[in-house]
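Sequential numbering of the sequence shown, starting at 186, is according to this note's numbering. The beta carbon of each residue, even a glycine, is placed where N, CA and C say it ideally should be. Single-structure report; data block below.
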Amino acid sequence: MEIQGKIIAVLPLQSGVSQRTGNKWASQDYVIETHDQYPRKCCFRVFGEEKINNFNIQSGEELSVSFDIDCHEYNGRWFNDIRAWAVNRVDPAAAMAAPGAQPMGANVAPAPVGGAAAPFPPAPEGNAEGASDDLPF
């Protein structure tokens, strides 16, 4: 999956040593906000010190983040894990002009060429007294 937006928070680096393998690990969480009509926020994780250093994500950057969603159980509770596997820098001007960032009312159909369209069909002419109405009720 992919999400595009602005990084609004860089959370502290977490690290430790795996009890199972004895290897060192590192992960860092980031919060991204989309530029949709109703902006959404998503917290994603980058796992591995090498990836954290390669991505070099800074607060305020416009990014396109590719990620996988996984879930795990701990003590009878379930937790989502949104893990980034690719990060691309985006031009801030292009991010604001993205299709998902259209202002309200931008999906209104354009007027037909050659003049404005009437909202209703014209009323029939010559409806004289005594003429029956064409409505079935």
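- Going by DSSP, Asn239 is part of the alpha helix (DSSP H) stretching over 234-240.
- Here Glu258 is exposed: its Cβ has fewer than 16 other Cβ atoms, across all protein chains shown, within 10 Å.
- His257: member of the beta strand (DSSP E) spanning 247-259, first to last residue.
- Between Phe252 and Phe229 a beta carbon distance of about 5 Å is seen, short of the 8 Å cut, so the two are scored as contacting.
- In this structure, Ala269 places its C-beta atom within 8 Å of the C-beta atom of Val250.
- A Cβ-Cβ separation of about 36 Å leaves Ala211 out of contact with Gln222 under the 8 Å criterion.
- Boundaries of the beta strand (DSSP E) harbouring Gln199: 199-202, taken from the DSSP string.
- Per DSSP, the continuous beta strand (DSSP E) segment holding Tyr215 begins and ends at 209-218.
- For Leu248, the number of other beta carbons within 10 angstroms of its own is at least 16, and it is reported as buried.
- Less than 8 Å divides the Cβ of Gln189 from the Cβ of Val275.
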